[in-house]
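Q:
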Amino acid sequence: MEVPILKQGPYLIATIQSALTDKDIVQLRDALVEQVGKFRARGVIIDLTALDVMDSFATGMLQDMAHMVRLRGAETVIVGIQPDVAFAMVHMGLTLEGVTTALDLEEGLAHFECAGVPGRGG
Amino acid sequence: MALAEITHDGKQTFEPTTAMLRELVAHLAQNRTQLREEWVRRITEAQLLQAMTKDEIFAEATSVYDSYVEALETRTLETLTTYAQNLSERIIPRGVETHEVVGIVLLLRDVLARSLFAKYHTDSALLNHVLDAYEPAANAIAITVSVGFVRERERVIREQQEAIRELSTPVLQVRERLLILPIIGVIDPHRARQLTEQLLRAIRANRAKVVVIDITGVAAMDANVANHLVLTVESARLLGARVIVTGLSPEIAQTLVNIGVDLGKMNTVGDLQGGIEEAERLLGYKVMPVAEAQMA
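Chains as they are written, first to last, in the working numbering: chain L, 1 to 122; chain P, 123 to 418.
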């Protein structure tokens, strides 16, 4: 299932609704990295609230995505990781090193607002 | 469970046993008042159930007696099992001990057996028959009541253990979005897992941004538990909360260094006060004396 990417002001929000195949994730990555430039976005929020399992491929992809978005001039926040999922992830050594995380969508947006992400005229 | 299943010599004695049981029930129903009073007298004499008043003992004795007779009559233990559980629920909080419950049930058995002796002692063959019917039934009843009591007691103990475990790991909110988790005592792997679960759930429920874990009250931890602590800190970060660990003892500091913890991931402050101050700074609070604030 393709992940919808919504534009909200200077931010892009990708809400993952169900378990993703590896192909879906690659597609999401390509779409996000492209749209960051197209919409001149300052921040990207990836919402994982609906996910109840995360594997190493998905985690690695998310990390890559965050770094690519960074190189394209925006910041990524991953939100909505469930407690059980979080603990399972760190157990497998998947700690999303170097990626900002927040509790939920609201927190993610608040992070951008108060962190004063260096914008382009935003 | 039907009482007939417990009778020992199977088919041949089954029919007479049924007839005997019926006669037995009739006898017990007839002498209800007298036997019940005798039983209560024996209970008082043996100084059992001292936590209860005389009237209470009498009331309970009546109910037990009637359930007992009913169990013999209907040949099923269900009513008695329910009653025994109900009784245990009522008397355990009052400090009634296991030996007392077993004691009173055995006393009832003795009282009834004696009354049977008194009635049938002239005919020893008949007495034997009556006892053949009575003994297995009486034993089954005694076992049911005692087991019911012990089971209820175990349930209470389990519940209390659960409560102690819950209480031993409180997660407290001290400010909007700031939680503290004071840990006291030994952390075993089971408790460590529980701690993590509770903390992560609390972070979600309270929308916490900063958590201070204070381990002043933990003297030492093994490498496993220390590793678990590090995992907890990282899990909390995935939920968007920062963790500050305070009050590390020299031993724990050594353990953490020995397992090669990445200090970049773990924020530690000397004591709880320092931890809370650091947390306030992260949250953008500034705490100062009122006088100073007015001057500023």
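For each residue, glycine too, the CB sits at the ideal point set by N, CA and C.
Can you tell me where the beta strand (DSSP E) with L:K7 in it begins and where it stops?
A: Translated into positions along the first sequence, residue 7 of chain L becomes position 7. Element bounds for L:K7: 5-8.
Q: With a threshold of 16 other CB atoms inside 10 Å of the CB of L:R120, please say whether the residue is buried or exposed.
A: Here residue 120 of chain L refers to the residue found at position 120 when the first sequence is read from its first residue. With a pLDDT of 38 at L:R120, under the threshold of 50, the predicted position of this residue should be treated as unreliable, though the coordinate-derived value follows. It is exposed - the Cβ of L:R120 has fewer than 16 other Cβ atoms within 10 Å.
Q: Roughly how many angstroms lie between the CA atoms of P:R287 and L:G60, to the nearest whole one?
A: Translated into positions along the second sequence, residue 287 of chain P becomes position 165. Translated into positions along the first sequence, residue 60 of chain L becomes position 60. For P:R287 and L:G60, the distance between alpha carbons rounds to 37 Å.
Q: Can you find a CB in chain P that lies within less than 8 Å of the CB of L:G89?
A: Taking the first residue of the first sequence as 1, we reach residue 89 of chain L at position 89. Rather than Gly, the amino acid found at residue 89 of chain L in this sequence is Met. Closer than 8 Å to the CB of L:M89 there is at least one CB belonging to chain P.
Q: Can you round the beta-carbon distance between P:I263 and P:L202 to whole angstroms, since I take them to be within the 8 Å contact cut?
A: Against the second sequence, residue 263 of chain P aligns to sequence position 141. Against the second sequence, residue 202 of chain P aligns to sequence position 80. Their Cβ separation, rounded to whole angstroms, is 6 Å, which keeps P:I263 and P:L202 in contact under 8 Å.
Q: Label P:I306 either buried or exposed according to how many other C-beta atoms from any shown protein chain fall within 10 Å of its C-beta, with 16 as the threshold for buried.
A: Numbered from 1 along the second sequence, position 184 holds the residue referred to as residue 306 of chain P. P:I306 is exposed by the Cβ-count criterion.
Q: Is it right to say P:K408 is buried, meaning 16 or more other beta carbons lie within 10 angstroms of its own, or is it exposed?
A: Reading the second sequence from its first residue, position 286 is the one you call residue 408 of chain P. P:K408 is exposed by the Cβ-count criterion.
Q: Check the Cβ of P:T318 against every Cβ in chain L and list those closer than 8 Å, keeping chain order.
A: Mapped onto the second sequence, residue 318 of chain P falls at position 196. Neighbours of P:T318 on chain L, chain order: F87.
Q: When you measure from the CB of P:E274 to every non-hydrogen atom of the ligand COA, does any distance come out below 7 Å?
A: Of ligands this structure carries none, so the ligand COA is not represented either.
Q: Got a sec? Which residues, its chain only, sit under 8 Å from L:R69 by beta carbon, not counting five neighbours each side?
A: The residue given as residue 69 of chain L occupies position 69 in the first sequence. Reading off the sequence, residue 69 of chain L comes out as Val, not Arg. Within the same chain, L:V69 has close Cβ partners L32, V33, V36, V44, E75, T76.
Q: For chain P, find out if any of its Cβ atoms is closer than 8 Å to the Cβ of L:A14; answer yes or no.
A: Position 14 of the first sequence, counted from the start, is the residue given in the question as residue 14 of chain L. No, its Cβ sits nowhere closer than 8 Å to a Cβ of chain P.
Q: Taking only beta-carbon positions, decide if P:S357 is within less than 8 Å of chain C.
A: The structure shown has no chain C; the protein chains it does contain are L and P.
Q: How do the stretch 224-237 of chain P and the stretch 245-264 of chain P stand: do at least 3 beta-carbon pairs fall below 8 Å, yes or no?
A: Result yes; three or more Cβ-Cβ pairs closer than 8 Å.
Q: So, helix, strand or coil for P:P411, using DSSP?
A: Indexing the second sequence from 1 puts residue 411 of chain P at position 289. It is coil, neither helix nor strand.
Q: Whose CA, out of P:R329, P:P292, P:A327, lies closest to the CA of P:L317?
A: Locating residue 317 of chain P in the second sequence gives position 195, counting from the first residue. Among P:R329, P:P292, P:A327, the Cα nearest to that of P:L317 belongs to P:P292.
Q: Flag this pair as yes or no: are the beta carbons of P:R426 and L:L103 separated by less than 8 Å?
A: Given a span of 123 to 418 for chain P in the structure shown, any question on residue 426 of chain P remains unanswerable.
Q: Could you please give me the residues that DSSP links to P:L77 through a beta bridge?
A: In the structure displayed, chain P extends from 123 to 418; residue 77 of chain P sits before or after that span and is not available.
Q: Please determine, among P:L157, P:T220, P:Q169, P:R315, the residue with the shortest C-alpha to C-alpha distance to P:K241.
A: Along the second sequence, one-based indexing puts residue 241 of chain P at 119. The shortest Cα separation from P:K241 among P:L157, P:T220, P:Q169, P:R315 belongs to P:L157.
Q: Assuming contact is defined by CB atoms lying nearer than 8 Å, are P:I374 and P:V332 in contact in what I supplied?
A: The residue given as residue 374 of chain P occupies position 252 in the second sequence. The residue given as residue 332 of chain P occupies position 210 in the second sequence. No, the pair does not count as a contact, with Cβ atoms beyond the cut-off.
Q: With 16 other CB atoms within 10 Å as the buried threshold, where does P:P215 fall?
A: Translated into the one-based positions of the second sequence, residue 215 of chain P becomes position 93. It is exposed - the Cβ of P:P215 has fewer than 16 other Cβ atoms within 10 Å.
Q: For P:V191, which residues from the same chain have a beta carbon less than 7 Å from its beta carbon, with the 5 sequence-adjacent residues on both sides left out?
A: Counted from its first residue, the second sequence places residue 191 of chain P at position 69. Cβ within range, chain order: V147, L150, A151.
Q: Can you tell me the Cα-Cα spacing of L:G108 and P:D384, whole angstroms?
A: Stepping through the first sequence from its first residue, residue 108 of chain L is reached at position 108. Stepping through the second sequence from its first residue, residue 384 of chain P is reached at position 262. Rounded to the nearest whole angstrom, the CA to CA distance from L:G108 to P:D384 is 26 Å.
Q: Check whether chain P comes within 8 Å of L:I25, counting only Cβ atoms and requiring the distance to be less than that.
A: Looking up residue 25 of chain L in the first sequence gives position 25. No, no contact with chain P.
Q: DSSP puts P:L294 in a beta bridge; with which residues?
A: In the second sequence, the residue the question calls residue 294 of chain P occupies position 172. Under DSSP, P:L294 takes part in a beta bridge, and its partners are P:I302.
Q: Would P:I381 pass as a contact of P:A345 if the rule is Cβ separation under 8 Å?
A: Position 259 of the second sequence, counting from 1, holds the residue named residue 381 of chain P. Position 223 of the second sequence, counting from 1, holds the residue named residue 345 of chain P. The answer is yes: Cβ separation under 8 Å.
Q: Cα-Cα, which of P:F271, P:E195, P:A401, P:R364 is closest to P:A259?
A: Here residue 259 of chain P corresponds to residue number 137 of the second sequence, with the count starting at 1. With distances taken between Cα atoms, P:A259 lies closest to P:E195.
Q: Using a C-beta to C-beta distance shorter than 7 Å, which residues of chain L count as neighbours of P:R323?
A: Looking up residue 323 of chain P in the second sequence gives position 201. Going along chain L in sequence order, the residues near P:R323 (Cβ under 7 Å) are P83.
Q: From the DSSP output, which residues share a beta bridge with P:V367?
A: Taking the second sequence and counting its residues from 1, the one referred to as residue 367 of chain P is at position 245. For P:V367, which the question treats as bridged, DSSP gives the partners P:I335, P:T390.
Q: Out of curiosity, what's the CA-to-CA distance linking P:T204 and P:R277?
A: Residue 204 of chain P sits at position 82 when you count from the first residue of the second sequence. Residue 277 of chain P sits at position 155 when you count from the first residue of the second sequence. Those two C-alpha atoms are separated by around 15 Å.
Q: Taking only beta carbons into account, state which residues of the stretch 326-351 of chain P come closer than 9 Å to chain L, listed in chain order.
A: Among the residues of the stretch 326-351 of chain P, those with a Cβ less than 9 Å away from any Cβ of chain L are R326, R329, A330, K331, in the order of the chain.
Q: Could you round the C-beta distance between L:L6 and L:I13 to whole angstroms and report it? I think they count as a contact, below 8 Å.
A: Looking up residue 6 of chain L in the first sequence gives position 6. Looking up residue 13 of chain L in the first sequence gives position 13. Contact flag correct, Cβ pair sits at about 5 Å.
Q: Between the alpha carbons of P:N153 and P:V233, how many angstroms are there, rounded?
A: Position 31 of the second sequence holds residue 153 of chain P. Position 111 of the second sequence holds residue 233 of chain P. Roughly 12 Å separates the two Cα atoms.
Q: If the cut is a Cβ gap below 7 Å, which residues of chain P does L:L105 touch?
A: Within the first sequence, numbered from 1, the residue matching residue 105 of chain L stands at position 105. Think of a sphere of 7 Å around the beta carbon of L:L105: no beta carbon from chain P falls inside it, the nearest being about 11 Å out.
Q: Mind checking which residues open and close the alpha helix (DSSP H) that includes L:G93?
A: Within the first sequence, numbered from 1, the residue matching residue 93 of chain L stands at position 93. Segment: none, L:G93 is in no alpha helix (DSSP H) and carries neither H nor E.
Q: Can you tell me whether P:E127 is helix, strand or coil according to DSSP?
A: Your numbering for residue 127 of chain P matches position 5 in the second sequence. Confidence at P:E127 is low in this model, with a pLDDT of 44, below 50, so its placement is unreliable and the value that follows should be read with caution. If DSSP states are grouped into helix, strand and coil, P:E127 belongs with the helices.
Q: Roughly how many whole angstroms lie between the Cα atoms of L:D30 and L:E2?
A: Mapped onto the first sequence, residue 30 of chain L falls at position 30. Mapped onto the first sequence, residue 2 of chain L falls at position 2. If I take the Cα positions, the gap works out to 12 Å.
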